[in-house]
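Novice: In the working numbering, the protein residues as written are 3 to 112.
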Amino acid sequence: DNEDMANLQNLVKGFATIDNLALVNVEGTGMAGVPGTASAIFSAVKDVGANVIMISQASSEHSVCFAVPETEVKAVAEALQSRFRQALDNGRLSQVAIIPNCSILAAVGQ
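1) DSSP state of GLU72, grouped into three classes?
2) Answer with buried or exposed for LEU105, where buried requires no fewer than 16 other C-beta atoms within 10 angstroms of its C-beta.
3) Can you list, in chain order, the residues of its chain with a C-beta nearer than 6 Å to that of ALA108? Leave out the 5 residues immediately preceding and following it.
4) Nearest CA to the CA of ALA40: which residue from GLY51, GLU80, PHE86 and GLY111?
5) Using DSSP bridges, identify the partner residues of SER65.
This is how it looks when you write it as structure tokens:
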């Protein structure tokens, strides 16, 4: 309704985007409650010199998702596949998935 639209216009002043990103999702039931998993993931990312733009972890701790520049995703994926080869082979991790051609959209307020 009109009141909701007026309230929204007062709260949101604009939008900002970061384009040319890829999402990397590392997932598996063997991640939950295992100390050092996130450290190992981001150590591999650091080792290839990639820049992490955004991080999200499921409350279940079964997955970590993060955004990197599209130009860096191939090196990141290869580093993660190498670092976690044994965990992937034995089923502790189910996959390292890449979602290309992504953007981050943020609403900018007052």
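Ideal placement from N, C-alpha and C gives every residue a C-beta, glycine not left out.
Specialist: In short:
1) Stepping through the sequence shown from its first residue, residue 72 is reached at position 70. DSSP places GLU72 within a helical segment (H, G or I) once states are collapsed to three.
2) Taking the first residue of the sequence shown as position 1, residue 105 is located at position 103. Note that residue 105 is Ser in the sequence shown, not Leu. SER105 should be labelled exposed.
3) Working through the sequence shown from its first residue, we reach residue 108 at position 106. Cβ within range, chain order: ALA18.
4) As a first step, residue 40 is located in the sequence shown; it is residue number 38 there, counting from the start. Ranking the options by Cα distance to ALA40, first place goes to PHE86.
5) Mapped onto the sequence shown, residue 65 falls at position 63. Partner(s): GLU29.
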